[in-house]
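Participant:
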Amino acid sequence: MSLSASSGSNQYIYPFTAIVGQEMMKKALILNVINPMIGGVLIRGEKGTAKSTAVRSLAELLPERDSVEGCDFNCDPDDPARYCEYCLRLAAEKPLSRVKTKVQVINLPLSATEDRIAGTLDIEHAIKKGEKRFEPGILAQANRNILYVDEVNLLDDHLVDILLDAAAMGINVVEREGVSFMHPSRFVLVGTMNPEEGNLRPQLTDRFGLVVDVTGEDDIPSRIEIIRRRLAFENDPEAFITDFAQAQQELTARIEQAKDLLKEVHCADDMLNLAARIAIRLEVDGHRADITMIKTAMAHAALEGRREVTEDDLITAARLCLPHRMRRRPFDEGLNPDEIEKIIREVMQKI
Amino acid sequence: MNDHVFPFTAIVGQERVKTALILSVINPRVGGVLISGGNGTAKSTLVRGLADIVDDMKIVNLPLNITEDRLVGGLDFEGTINHGRKCHEPGLLQRAHGNILYIDEVNLLNPHIADLVLDVAASGINIVEREGVTLCHRSRFILIATMNPEEGHLRPQLLDRFGLSVTAYPEAEEAKRAEIIRRRLEFERDPVAFRQKWLKESRSTAQKILRARETLREVNTSGEILALAAATARGARCAGHRAEITIIETAKALAAFKGRGEVTTEEIEEAAGYVLPHRAREPLSGRRKQEVENGSDGPPENAREGNVVHLGYQDNLPQKEPEQDIPPFFPAGTQHGKAGQEKVEAPALGLSLRIEGGYPRKARRFTSSGRQEKSRANVPQGRYVSFRIPRGKVNDLALDATLRAAALFQKMRRRTDGLTIVIEPQDIREKVREQHTSTFVLFVVDASGSMGARRRMGAVKGTVISMLRDMYLRRNQVGVIAFRRDSAIKLLEATRSVELAERCLKDLPTGGRTPLAAGLRMAYVEMKLARTRDPDILPYLVLVSDGRANVPLFSRDSLADALEIASRIRAEGIRSLVLDTEEGAVRLGIAKTIAEVLDARYVRLDEISPRKVLVNVESLMTSTKQSRK
Ligand SMILES: [Zn+2]
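If you read the protein sequences in the order shown, they are chains A and B. Here the working numbering runs 6 ahead of the position in the first sequence, where the first position is 1. Here the working numbering runs 54 ahead of the position in the second sequence, where the first position is 1.
#1: Is the closest heavy atom of ligand 1 to the C-beta of V180 of chain A under 7 angstroms?
#2: What did DSSP end up calling P42 of chain A once you bin it into helix, strand or coil?
#3: So L162 of chain B contacts chain A; which residues on that side make the cut at Cβ distance below 7 angstroms?
#4: Can you list the residues of chain B that L37 of chain A reaches, using a CB-CB cut of under 8 angstroms?
#5: Among residues of its own chain, excluding the 5 on either side of E69 of chain B, which ones have a beta-carbon nearer than 7 angstroms to its beta-carbon?
#6: Is the CB of T564 of chain B under 8 angstroms away from at least one CB in chain A?
#7: From what residue to what residue does the beta strand (DSSP E) around D72 of chain A run?
#8: Report yes if the C-beta distance between I152 of chain A and V196 of chain A is below 8 angstroms; otherwise report no.
#9: Does at least one heavy atom of ligand 1 sit under 7 angstroms from the Cβ of V105 of chain A?
#10: I'd like to check one pair, T107 of chain A with N80 of chain A: are the Cβ atoms closer than 8 angstroms?
#11: Grouping DSSP H, G and I as helix and E and B as strand, with all else coil, what is S612 of chain B?
#12: Between which residues of its own chain and T298 of chain A is the CB-CB distance below 7 angstroms, once the five residues before and five after are set aside?
#13: How about G86 of chain B and I196 of chain B: are their beta carbons less than 8 angstroms apart?
#14: Under a Cβ-count criterion, where at least 16 other Cβ atoms within 10 Å of its own Cβ denotes burial, should V108 of chain B be classed as buried or exposed?
#15: With a threshold of 8 angstroms between beta-carbons, can P692 of chain B be considered close to chain A, or not?
#16: If you measure between the beta carbons of R283 of chain A and E228 of chain B, is that distance less than 8 angstroms?
#17: Counting only runs of 4+ residues fully inside the segment 109-154 of chain A, write out the alpha helix (DSSP H) ranges in chain order.
#18: Going by beta carbon distance, what residues of the same chain come within less than 6 angstroms of L64 of chain A, once the five residues before and after it are set aside?
#19: Rounded to the nearest angstrom, how far is the Cβ of A654 of chain B from that of V632 of chain B, given a contact under 8 angstroms?
#20: Could you run through the segment 92-125 of chain B and flag, in chain order, every residue whose CB is less than 9 angstroms away from some CB of chain A?
#21: Can you tell me whether P86 of chain A is buried or exposed? The criterion is at least 16 other CB atoms within 10 Å of its CB, across all chains shown.
#22: For A264 of chain A, report the span of its beta strand (DSSP E) as first-last.
#23: DSSP three-state label for Y684 of chain B, please.
#24: What does the alpha-carbon distance come out to for the pair G143 of chain A and L453 of chain B?
#25: For a test of your reading of the model: does the CB of F193 of chain A fall under 7 angstroms from any non-hydrogen atom of ligand 1? Yes or no.
#26: By how many angstroms is the C-alpha of G503 of chain B removed from the C-alpha of P210 of chain B?
#27: Excluding the 5 residues flanking H151 of chain B on each side, which residues of the same chain have their C-beta closer than 8 angstroms to its C-beta?
#28: Just checking, does the segment 600-613 of chain B make contact with the segment 558-575 of chain B on the three C-beta pairs under 8 angstroms criterion?
#29: Am I right that N38 of chain A and L268 of chain A are in contact with their C-beta atoms under 8 angstroms? What's the rounded C-beta distance?
#30: Thinking just about the alpha-carbon of each residue, which of A:D167, A:I129, A:S73, A:E183 is nearest to the one in E122 of chain B?
#31: For chain A, check one thing: does any of its Cβ atoms lie closer than 8 angstroms to the Cβ of F195 of chain B?
#32: Taking V171 of chain B as the reference, give the member of B:N153, B:L146, B:R184 with the closest Cα.
#33: So which of B:A639, B:F311, B:C141, B:K560 has the shortest CA-CA distance to V499 of chain B?
#34: At what residues does the alpha helix (DSSP H) containing L68 of chain A begin and finish?
#35: Flag this pair as yes or no: are the beta carbons of L160 of chain A and L116 of chain A separated by less than 8 angstroms?
#36: Just to confirm the assignment, what range does the alpha helix (DSSP H) spanning E478 of chain B have?
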């Protein structure tokens with residue numbers, strides 16, 4: 007039951023564990039769920055590489071969490087510091103009632119207008135009641151959810167600005183069209199893009215914690231398996247979902263355990279120094295790379311069931327965090343994850 | 055939401071930024087701070103951290119989505135309807151009074167909004183005269199802003215409004231970087247405990263600031279010190295007296311913060327390091343401005359001119375050469391440098407070719423079939439910044455403004471259909487949206503081996519950089535494509551950042567064959583794409599090449615391929631300029647042929663070295679025929 011979609015046009019959602027290959031993409035998504043502070047994933051690749059399927063399947067996999075009942079901003083009842091204005095007022099009077107909610111994938115379409123994203127004056131309410139009320143936008147829905155932007159490189163500049171503004175603080179500040187409002191907006195940002203259609207602004211690229219490049223599976227057996235599963239799913243989705251129920255439950259449990267374990271994961275000073283040295287060696291921009299590298303390594307350790315960050319965690323993290331953060335020279339291809347790993351191993355040798 | 059602010063005192067390094075911020079809150083006469091820096095350099099963390107060490111001021115955040123009514127304030131329609139009389143609603147500028155006004159990414163702020171903020175920042179008074187509301191209130195605030203120069207520069211008028219400017223650099227030291235990670239992890243794990251841990255330090259800094267504020271008035275400035283400040287400002291060729299006054303106010307704040315009763319040479323020097331970097335530049339001189347406006351060829355310019363317009367945004371640290379402040383786009387000695395026959399030539403600055411304006415005001419846009427395209431006026435685009443009384447049919451209703459207009463008359467109007475508000479035609483207001491139509495100038499630069507001969511690439515780079523700078527002053531977008539060996543690459547996406555473009559160009563190596571067709575095809579795709587993203591953009595192509603194509607794209611004839619794409623670019627109605635780099639006794643004149651196919655303005659590089667050529671794009675349509683003779 008819990009595996010069927012609660013809303014949306016497709017009644018059934020393809021199970022995450024049934025996706026063939028694309029291991030790095032799956033790992034990047036899972037790590038972001040374990041620690042939402044990693045900062046999201048940018049998935050680069052051609053069309054038709056199951057990017058949006060993966061994101062939707064991931065959300066389906068996640069366990070329910072507590073939210074404030076009736077809150078438009080999906081406030082966390084256990085985080086009063088981030089309550090919206092309504093919850094703040096309400097909480098002063100009586101304890102807030104809780105409700106279980108699922109993590110949702112909130113779509114940000116390229117055609118979205120600025121007021122739809124940021125939120126604006128509630129027109130109907132204004133006309134009927136003569137009162138000002140804030141009508142929440144996409145950034146409100148996105149709070150504590152996954153904000154998904156397909157073809158993020160084609161998003162209009164001024165919409166990107168609004169997105170970055172909110173992402174920087176985790177708060178959406180609205181001062182427009184007669185309303186003045188502030189609400190929490192912390193989301194896992196997942197973007198997809200086809201690099202052939204143009205790059206991202208450096209600032210937006212840097213906001214994505216991790217980057218993965220996906221390509222279609224090359225080997226024939228994998229391709230056959232993809233087709234076979236897709237057909238099976240379309241033919242009888244319920245049976246297909248049932249087939250993967252066990253795998254799904256196991257992964258859900260593993261993610262839950264990792265989330266709990268993350269609180270105990272320790273990162274030795276050696277590892278912090280190593281991350282700093284790698285960042286200096288690869289001449290990355292700013293400090294976000296080092297910080298994200300360590301957070302990702304810790305989430306990876308937790309996923310592997312360990313309490314101590316190892317060099318292998320750091321290498322996996324570096325492969326995901328660094329490729330998009332290095333300055334490129336003209337006519338230079340940049341470094342792919344394998345080359346990054348090679349350099350990191352050299353850095354490690356020198357210790 | 056203070057509980058989630060990273061403590062100011064826990065931020066590692068960034069001492070200059072911290073000092074500038076502290077000085078600006080000790081002495082509001084300093085006039086605010088502009089912090090520039092790349093991604094992930096803790097710029098906004100520093101500003102938000104101020105909340106911890108300044109008790110009597112709020113940080114009022116000016117979001118990029120702000121509309122005019124919320125900025126300056128105006129009629130409150132809710133109150134007006136309910137009470138039957140005019141009610142005012144304060145805007146952000148009123149809230150900012152006596153506080154800190156913080157603008158993140160100030161270089162991305164809508165120009166109209168920015169102008170409103172500037173007016174008030176200069177006068178200290180916000181006068182509202184709109185929607186039947188007359189309002190006047192004091193609005194004195196400390197303006198603090200951050201920006202990433204890679205995202206575009208700040209208009210000089212805005213730049214001048216900031217008393218101090220500092221750059222946030224990432225830490226280069228391993229131990230400090232590790233400490234940054236450690237503290238960030240600790241903070242995210244338990245923000246409340248982390249803040250508690252740093253509370254004592256925050257309190258002590260807050261106390262120091264309070265004490266400095268109290269003693270500020272008693273800080274002495276001798277006549278000699280005043281003279282030194284004036285000389286320092288004059289030495290940096292700052293216009294007016296604002297710079298020296300700011301140096302003195304900053305020096306006083308520094309002395310007070312150090313607990314000194316007297317400003318010494320040391321404080322003046324230190325203050326100058328914060329006050330002068332963004333002012334020590336020469337604006338366009340009156341003469342040059344006039345030349346540009348008249349569209350006439352000027353006399354030969356000073357050969358160093360290209361260096362004088364100092365647009366790279368850096369701190370003027372006395373111990374460093376300004377050039378060294380910009381990290382190289384491509385750090386030497388790392389993983390690169392695979393190819394054998396290549397060299398990187400430094401740009402020869404001083405050559406100057408200017409492109410003026412863009413398309414004529416009422417630019418016609420053509421579809422691929424050559425017909426003029428209909429305006430997309432019925433699709434509201436751009437940021438909503440303000441409103442107006444509509445002329446003709448309304449398709450972009452500004453509801454908030456309409457409601458405010460209607461609110462005044464609700465007592466007199468009969469309410470029907472259970473609606474609270476009756477709106478009549480005269481109430482209707484429509485939105486005024488930000489006009490971000492701009493020209494997108496795409497440079498397509500030949501970086502093949504033939505360009506490397508006789509240091510030609512240096513001249514090309516110098517010319518392109520000077521054009522880029524010119525484009526920036528006119529708020530255009532620029533992009534750079536280079537082609538060599540077997541392919542073309544995008545050096546720079548469409549951006550308003552000149553700094554980034556310059557860096558890309560400086561490090562562009564030369565060598566290999568000439569895939570001209572590939573370069574043009576990429577330009578073609580890029581411009582079509584730019585139009586998809588923004589249908590109102592006006593693309594303009596600048597091809598810099600000797601035209602000696604020798605890598606075919608789809609046939610066997612490399613030149614035919616290039617010409618085929620050139621004709622497609624022309625069919626799109628894209629205007630262009632060909633800068634022919636061919637020189638020497640034997641000339642093939644291929645670039646000229648390409649220019650003809652493109653219907654482009656044609657200029658030879660060797661023509662612009664001895665004297666300045668002014669290319670007026672607006673006159674291109676009439677001048678192309680002449681240039682073809
Ligand atoms: Zn709430």
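A virtual CB, placed ideally from N, CA and C, is assigned to each residue, including glycine.
Facilitator: Put simply:
#1: Residue 180 of chain A sits at position 174 when you count from the first residue of the first sequence. False, no ligand heavy atom lies under 7 angstroms from that Cβ.
#2: In the first sequence, counting from the first residue as 1, residue 42 of chain A sits at position 36. Note: P42 of chain A maps to helix in three-state DSSP.
#3: Sequence index remark: in the second sequence, residue 162 of chain B carries index 108 (1-based). Correct list: D167.
#4: For the purposes of this step, residue 37 of chain A is identified with residue 31 of the first sequence, where counting begins at 1. Correct list: empty, because the minimum Cβ distance to chain B is about 15 angstroms.
#5: Numbered from its first residue, the second sequence carries residue 69 of chain B at position 15. So the list is empty, once near-sequence residues are dropped.
#6: What you label residue 564 of chain B is simply residue 510 of the second sequence in a count that begins at 1. Cβ-Cβ to chain A under 8 angstroms: no for T564 of chain B.
#7: Residue mapping note: residue 72 of chain A aligns to position 66 of the first sequence, counting from 1. Here the beta strand (DSSP E) through D72 of chain A covers 71-74.
#8: Taking the first sequence and counting its residues from 1, one reaches residue 152 of chain A at position 146. Taking the first sequence and counting its residues from 1, one reaches residue 196 of chain A at position 190. For I152 of chain A and V196 of chain A, yes; Cβs fall inside 8 angstroms.
#9: Position 99 of the first sequence holds residue 105 of chain A. No; taking the cut-off as 7 angstroms, the Cβ of V105 of chain A has no heavy atom of ligand 1 nearer than that.
#10: Walking along the first sequence from the start, residue 80 of chain A turns up at place 74. Walking along the first sequence from the start, residue 107 of chain A turns up at place 101. Yes, the pair counts as a contact, with Cβ atoms nearer than the cut-off.
#11: By one-based count along the second sequence, residue 612 of chain B stands at place 558. Of the three classes helix, strand and coil, the one that applies to S612 of chain B here is helix, per DSSP.
#12: The residue given as residue 298 of chain A occupies position 292 in the first sequence. Cβ within range, chain order: I44, G45, G215, C327.
#13: Counting from one through the second sequence, the residue named residue 86 of chain B turns up at place 32. Counting from one through the second sequence, the residue named residue 196 of chain B turns up at place 142. Contact flag set, yes.
#14: What you label residue 108 of chain B is simply residue 54 of the second sequence in a count that begins at 1. Buried, by the Cβ-count rule.
#15: Since the displayed chain B opens at 55 and closes at 683, residue 692 of chain B lies outside it and no answer follows.
#16: In the first sequence, residue 283 of chain A corresponds to position 277, counting from 1. In the second sequence, residue 228 of chain B corresponds to position 174, counting from 1. Yes, the Cβ-Cβ distance between R283 of chain A and E228 of chain B is below 8 angstroms.
#17: 120-124, 129-135, 144-147
#18: One-based indexing of the first sequence puts residue 64 of chain A at position 58. Excluding residues within five positions, the ones whose Cβ falls inside 6 angstroms are F22, L35.
#19: Counted from its first residue, the second sequence places residue 654 of chain B at position 600. Counted from its first residue, the second sequence places residue 632 of chain B at position 578. Correct: roughly 5 angstroms between the Cβ atoms.
#20: G92, N93, G94, T95, A96, S98, R102, N115, L116, P117, L118, N119, I120, T121, D123, R124, L125
#21: For the purposes of this step, residue 86 of chain A is taken as residue 80 along the first sequence, with counting starting at 1. Flag for P86 of chain A reads exposed.
#22: Here residue 264 of chain A corresponds to residue number 258 of the first sequence, with the count starting at 1. Looking at the DSSP string, A264 of chain A is not in any beta strand (DSSP E); the run it does join, the alpha helix (DSSP H), is 251-268.
#23: Summary: the structure shown does not reach residue 684 of chain B, with chain B confined to residues 55 through 683, and so no result is reported for it.
#24: Residue mapping note: residue 143 of chain A aligns to position 137 of the first sequence, counting from 1. Residue mapping note: residue 453 of chain B aligns to position 399 of the second sequence, counting from 1. Between G143 of chain A and L453 of chain B, the C-alpha separation is close to 17 angstroms.
#25: As a first step, residue 193 of chain A must be located in the first sequence, where it is residue number 187. Not under cutoff, so the answer is no.
#26: For this step, residue 210 of chain B is matched to residue 156 along the second sequence. For this step, residue 503 of chain B is matched to residue 449 along the second sequence. Distance between the alpha carbons of P210 of chain B and G503 of chain B is about 39 angstroms.
#27: Residue numbering aside, residue 151 of chain B sits at position 97 when the second sequence is read from its first letter. The residues are H191, R192, S193, R194, F195.
#28: yes
#29: Sequence index remark: in the first sequence, residue 38 of chain A carries index 32 (1-based). Sequence index remark: in the first sequence, residue 268 of chain A carries index 262 (1-based). In fact, because the Cβ distance is near 12 angstroms, the residues do not count as touching under 8 angstroms.
#30: In the second sequence, the residue the question calls residue 122 of chain B occupies position 68. Ranking the options by Cα distance to E122 of chain B, first place goes to A:E183.
#31: Residue mapping note: residue 195 of chain B aligns to position 141 of the second sequence, counting from 1. Not one chain A Cβ lies under 8 angstroms of F195 of chain B.
#32: Numbered from its first residue, the second sequence carries residue 171 of chain B at position 117. Checked all of B:N153, B:L146, B:R184; the closest Cα to V171 of chain B is B:L146.
#33: By one-based count along the second sequence, residue 499 of chain B stands at place 445. The residue with the shortest Cα to Cα distance from V499 of chain B is B:K560.
#34: Working through the first sequence from its first residue, we reach residue 68 of chain A at position 62. L68 of chain A -> no alpha helix (DSSP H), and no H or E assigned at all.
#35: Start at 1 with the first residue of the first sequence, and residue 160 of chain A comes out as number 154. Start at 1 with the first residue of the first sequence, and residue 116 of chain A comes out as number 110. It is a contact, given that the beta carbons lie within the stated cut-off.
#36: Here residue 478 of chain B refers to the residue found at position 424 of the second sequence. Neither: E478 of chain B is in no alpha helix (DSSP H) and is coded neither H nor E.
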